[in-house]
Each structure stands twice: as C-alpha cells, then as structure tokens.
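Order-wise, the sequence lines are chains A and B. Per my numbering, the first sequence starts with residue 1274, numbered consecutively. Per my numbering, the second sequence starts with residue 89, numbered consecutively. For glycine and all other residues, C-beta sits at the position ideal for the given N, C-alpha and C. Nothing here was measured: the structure is a model prediction, and the numbers come from that model.
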Amino acid sequence: MQTQTWFFALGITLVAVAGSQAGVIKGVMSVTGAEMS
Amino acid sequence: MRDTIARQSDVDKNSIKYDVAPGTERYRHGTIAFAATKGKSIDLEKLQKSLKATRLGKGTRSGVNYLEITAEGDVAVVKKDMILKVSGTNQEYKLVDDPKAKPKEGTNTPYQRLRAALDKGVTIANVTGRVQAWNGVWPKVLRELEKENEAKEPTPRLLVVTEFETVSK
C-alpha cells in the first residue's frame, strides 16, 4: 500500500486511498441452476 | 456461468473455485469464486454482457442469489454517503448497510464499522460487498442491468458492505 493522501474540497472529503490501483480484485457469485455445471 | 466467467480476459482462470450443493436436483445452489488477473480489474459490465450472450440472457429459470465483489479504491464521504470509487475504473458504488442485518447487541454491522473507521481517519485497503441488482432470475437480472448501464445519467450502484480491510501500519 502506498501513500495516504488527503483532499478537502466542496464538502467532499477523501478519507482513504488504497494502494495497488487494481480495482475489482475478486468476486463470489452465488447461483442456482443447471447451467452451473 | 463458470465457463463464461473463466473466459473473461481480466479473470485469472486458475483462480476459479466452484462449489455446488450435493445431489442431482437441476436447480441446486452453487458458488463460483474468481479473482482478477494480476494488476487487472474485473469489468462487471463486460461480464454481464458475456452472460447475456449465453442462454442465460434468454429463457432459463436459473438465477443469481448475489454477486459479492472485493474492490480496491478511494472511499469518499460525500455529504452523509460513503462512495467507493474503484481504482483504475470510472465505476462508483454507494456503500450501504444491509437492510436485513440484525447485529447482536453491542456489535455493529460491517457498514457501521467501516463508517467508524473512516471517521477515525483509518486508511481502507479494500471493501467487500454485494452489488445491487445482481439478484433474481438470470434473464430479468441481465435485462435490468443492461437498462441501468445504458441510462443517460447513471447513479452509483449500491454496494451492501459485508467486509472491509484496513491498511496495516
């Protein structure tokens, strides 16, 4: 994780910054149905 | 579904874990866990389009119970709302509490704990939550998602917070 940065502007407070910039890193899908197999 | 997920260029094919309830019943529950290829972000809109192109987009009684994602990004407090801006994308999620959550007395929901952490200035590494609208019979879900994606002024999709991680110092 990298540097934490703070911004204060127009009522918007950026309170946290994650490091790797990867975005959506994983998912779990819960499903029903025959097409799963 | 599993194969469609595995075919996504931003999904690590070796990460796919598939569990299905025992039995031979046609519509039994299962879960498909997957992870992004290193350095990439899983594009949910692309995944949705790929699923729609299969017979899931046409006629089936199978469905999705939920889609839970873990995303890294910036969590901003805008007025009273917490907004997650996903790193490396233009996606935003409005973080919300589980309306059905009934935490034991003296404990807080993940959403409440996240809010408290932000108020203390703790740096958030990632947020896990269930994405709004990924629930129901496939053809209807995929149709609704497509409609939302094509909206002229899309609003941030809701993400029901189930977990989060902070940056260890």
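Item	Value
Please look up how many angstroms separate the CB atoms of B:Leu247 and B:Val219, rounded, as I've assumed it's under 8 Å.	6 Å
Where are the beta strand (DSSP E) runs, 3 residues long or more, that stay fully inside the region 121–204 of chain B, in chain order?	151–159, 161–166, 169–174 and 180–184
If contacts are defined as beta-carbon pairs under 8 Å, then B:Val165 and B:Ala124 qualify, I think. What distance do you get, rounded to the angstrom?	No, B:Val165 and B:Ala124 are not in contact; Cβ-Cβ is about 27 Å, not under 8 Å.
Is the separation between the beta-carbon of B:Leu172 and that of B:Val163 shorter than 8 Å?	yes
Please report the straight-line C-alpha distance between B:Leu157 and B:Pro110, rounded to a whole angstrom.	A quick correction: the sequence has Ile, not Leu, at residue 157 of chain B. Near 25 Å, if we compare the C-alpha coordinates of B:Pro110 and B:Ile157.
Note down the Cα distance separating B:Ser129 from B:Arg90, rounded to an integer number of angstroms.	18 Å
What number of angstroms, rounded off, separates the C-alpha of B:Gly145 from the C-alpha of B:Lys134?	14 Å
Please determine if the region 182–200 of chain B and the region 230–239 of chain B are in contact, where contact requires at least 3 C-beta pairs separated by less than 8 Å.	no
So, at 6 Å on beta carbons, what are the nonlocal neighbours of A:Val1304 in its own chain, with the 5 sequence-adjacent residues on each side left out?	none
Whole angstroms is fine: what's the gap from B:Asp107's alpha carbon to A:Val1297's?	22 Å
In the DSSP output, what is B:Tyr106 paired with across the bridge?	B:Ile120
Mind reading off the beta-carbon distance from B:Asn214 to B:Glu253? Whole number of angstroms is fine, and I expect it under 8 Å.	5 Å
Let's test the definition: count the other Cβ atoms within 10 Å of the Cβ of B:Glu160 and tell me whether it reaches 16, buried, or not, exposed.	buried
Report yes or no: is there a C-beta of chain B within less than 8 Å of the C-beta of A:Gly1300?	yes
At a Cβ cut of 8 Å, what residues of the region 225–245 of chain B count as close to chain A, listed as they run along the chain?	Trp226
Quick check on DSSP: helix, strand or coil for B:Ala94?	helix
What does the alpha-carbon distance come out to for the pair B:Trp226 and B:Thr148?	7 Å
Measuring alpha carbon to alpha carbon, tell me which of B:Tyr115, B:Glu236 and B:Val152 ends up nearest A:Val1301.	B:Val152
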